[in-house]
Amino acid sequence: MIKCHIVQDLLPSYIDGLLSAETEHDIQQHLQECEACRVLHAKLSTSIDNVNLHVNKKEIDFLKKVRKITTKKVVTGLVVLLLIFALLTYFFAIGSPVSKADLIYTTNVEGDMWQINMELTNGKALLVKTEPIYGEKDSNGVKPVIGVLVKPRELLPSLILESDNTSFMFGSTIDSFNKSGYKVILRLGDSDIVFTSDNYDK
Numbered sequence: 001m002i003k004c005h006i007v008q009d010l011l012p013s014y015i016d017g018l019l020s021a022e023t024e025h026d027i028q029q030h031l032q033e034c035e036a037c038r039v040l041h042a043k044l045s046t047s048i049d050n051v052n053l054h055v056n057k058k059e060i061d062f063l064k065k066v067r068k069i070t071t072k073k074v075v076t077g078l079v080v081l082l083l084i085f086a087l088l089t090y091f092f093a094i095g096s097p098v099s100k101a102d103l104i105y106t107t108n109v110e111g112d113m114w115q116i117n118m119e120l121t122n123g124k125a126l127l128v129k130t131e132p133i134y135g136e137k138d139s140n141g142v143k144p145v146i147g148v149l150v151k152p153r154e155l156l157p158s159l160i161l162e163s164d165n166t167s168f169m170f171g172s173t174i175d176s177f178n179k180s181g182y183k184v185i186l187r188l189g190d191s192d193i194v195f196t197s198d199n200y201d202k
């Protein structure tokens, strides 16, 4: 018969299942016969379960905190990358409107073509976009083209547009200006310059 003090010493190992089968059997027998050891066994079992629960809760809370911080860092990183990409796209691919002070332009007529030559003077690269100007719908519901919008933009020199890309020539047939209301608008950052049949050759 195992004595109480030995059983009490072995109870933590017994609860954790670390004892041999024989010793475990002896302790089980002792617990059936000894009230004091049974009470101690119940207390130790409850304490160990509570400790495990507390540790598990702390671990779960810690993991949640780590996941939250990681998610926040990833989202912040993505936002920063998107902002950098947007800025690079703006400065190197889209550009900003050219101001009148930074652009020299001249017009001339060659044969049946009217031309406007533009040159950027501030050291940036020149990108010119054009788009049609539409009039009111006709009886068939079609909007006629009544002109062209010429939009020079300045960009930081890049591999896409070399730094010496500072000039651009736009042309239109002289016959176009004979159409009613036809115009070419040079849209700058601070003003519009409009060419019509009245002033295209001046």
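Sequence positions in the sequence shown follow full-length UniProt numbering and run 1 to 202.
Glycine included, each C-beta is placed from N, C-alpha and C at the ideal position.
By the 16-neighbour rule on beta-carbons within 10 angstroms, Ser-172 is buried. Between the alpha carbons of Glu-136 and Lys-143 lies a distance of about 6 Å. Within the segment 60-119, the beta strand (DSSP E) runs of at least 3 residues that lie entirely inside it are, in chain order, 103-110. DSSP assignment within the UniProt domain "Putative zinc-finger" (4-38) yields the following whole alpha helix (DSSP H) runs of 4 residues or more, N-terminal first: 4-15 and 21-33. For Ser-176, no beta strand (DSSP E) encloses it; the enclosing alpha helix (DSSP H) starts and ends at 174-177. According to DSSP, Asp-192 shares a beta bridge with Arg-187.
The beta carbons of His-30 and Leu-11 sit about 10 Å from each other, so the pair does not count as a contact at 8 Å. Taking the Cα positions, Cys-4 is about 10 Å away from Ile-27.
Closest in C-alpha terms to Met-118, from the list Asp-102, Pro-132, Val-109 and Glu-131, comes Asp-102.
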